[in-house]
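Note sheet for the following structure.
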Amino acid sequence: MTRSELRALFASAVELGLPVDDPVVLKDGSNVLVLLRPAPVVARVGAVTAAVRGDVAGHFRRADAVSRHLAARGVPVVEPLVGPVERDGHAVAFARHVPHRPGALPAAELATLLGGLHAALRDHDGELPVRGPLDDVDAALALLGWPPEQAERRAGLVARLPDVPVRPLHGDAHAGNVLLTDAGPVWNDFEDAWLGPPAWDLVCAGLTGAGGAGTGEIGTDLVGTYLAAAADVAAEEVAPEVLARFAELRALQADCWRAAARLVHERRAAPADRERARPAAAQHDAPAHRS
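What follows is the structure in structure tokens.
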């Protein structure tokens, strides 16, 4: 994270009347998440995402719209609050803090939860991207100067992607985006929502665990559990060959994103670039609270 990102986050919070006297940095990754203690509010500002994607505010707006759609249908989600707002070139979003415990749902429970999520999203009519992870891949490759090996890998994969029905998806439906609370699981982080094949979310749920760690191949039992919970997904939409192609796309997206993130961090660490902030700087940079 940079001082510029933190200043934008704190300034936006102050303008909204939120406290900034005792902030805690919860996460410093693709986005920076700060708990604005003592308020039960988490502020999120684009970091690596801003350098790769550009339109962070658009992603935040879509995430909030999807969350509200799901909440209206009784699906437990992290509640979006004010925002997103744009300040000094940075997009900042605010959500209610949800206390939760470490850990991840077992794969079968996540598959059931995902089937219900897809059913609740079926009638979402808000605007969503149609290329989803391919937008990330192309943006990352552009930042990297289109390295020939990865560009060739992308072209070959795109040519093999199956033509299957699409629907609104979570977009990053791994177990780390399901918060474990005393009241039950709560969905979080719809920033990557898009119109895509159900297989994409199932791949994310089956191949990615809490914190992004791989958990192995998708088994037929997991697919069957998902289909039993989903409203109207046909078995051929999540057939093994379909899952295999989208697992390749997930791997390509992850590889390109990691490479782009490394480049962003290297540029920020250069003497001529902005000085990287440290967690301790959060308190130093926080403006005085204005009542």
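Plus 58 on top of the position in the sequence shown (first one is 1) and you've got our numbering. Backbone N, C-alpha and C fix where the C-beta goes; we use that ideal spot for every residue, glycine too.
- At a Cβ-Cβ threshold of 9 Å, A292 and C262 do not count as neighbours.
- Per DSSP, reduced to three states, the secondary structure at P298 is helical.
- Using a Cβ distance threshold of 9 Å, L163 and P243 count as a contacting pair.
- By the Cβ-count criterion, D181 is exposed, with fewer than 16 other Cβ atoms from all chains shown falling within 10 Å of its own Cβ.
- Judged by their CB atoms, P223 and E144 are not nearer to each other than the 9 Å cut-off.
- DSSP, read as helix, strand or coil, puts F248 in coil.
- The DSSP assignment places 143-145 and 148-154 as complete runs of the beta strand (DSSP E) inside the region 142-168, in order along the chain (cut-off: 3 residues).
- For V188, the closest of R225, L253 and G75 by C-alpha to C-alpha distance is L253.
- Using a Cβ distance threshold of 9 Å, H158 and L238 count as a contacting pair.
- In the three-state DSSP reduction, D193 falls in the helix class (H, G or I).
- Between the region 133-148 and the region 59-68 there are three or more C-beta pairs closer than 8 Å, enough to call the two in contact.
- With 16 or more other Cβ atoms inside 10 Å of its own Cβ, H228 counts as buried.
- Contact between the region 169-180 and the region 283-290 is present: three or more C-beta pairs spanning the two stretches fall below 8 Å.
- DSSP places P256 in the uninterrupted alpha helix (DSSP H) bounded by P256 to L265.
- A distance below 6 Å between beta-carbons, with the five flanking residues on each side excluded, links A97 to the following residues of its chain, in chain order: L76 and P77.
- Taking C-beta separations shorter than 7 Å and ignoring five residues to either side along the sequence, the partners of L301 in its chain run A257, L260, V261 and I276, following chain order.
- In the three-state DSSP reduction, L84 falls in the strand class (E or B).
- Beyond the five residues adjoining it in sequence on each side, A166 comes within less than 6 Å, by CB distance, of T283 in the same chain, given in chain order.
- With contact defined as three or more Cβ pairs closer than 8 Å, the region 129-138 and the region 105-115 are not in contact.
- In the pairwise beta carbon analysis, the region 120-134 is classified as not touching the region 193-202: fewer than three pairs are separated by under 8 Å.
- Excluding sequence positions up to five before and after D313, its CB lies less than 7 Å from no other CB in the same chain.
- Annotation for A97: no beta strand (DSSP E) segment contains it, and DSSP assigns it neither H nor E.
- The three-state reading of DSSP puts G75 in coil, since its state is none of H, G, I, E or B.
- At a Cβ-Cβ threshold of 9 Å, L128 and L307 do not count as neighbours.
- For L91, the number of other beta carbons within 10 angstroms of its own is at least 16, and it is reported as buried.
- Per DSSP, R126 has no beta bridge partner at all.
- For L84, the number of other beta carbons within 10 angstroms of its own is below 16, and it is reported as exposed.
- Per DSSP, V236 is one residue of the beta strand (DSSP E) stretching across V236 to T239.
- Exclusion of the five residues before and after L186 leaves R120, P226, A251, W252 and L253 as the residues of its chain whose Cβ lies within less than 7 Å of its Cβ.
- Residue pairing from DSSP places A101 in a beta bridge opposite V92 and F152.
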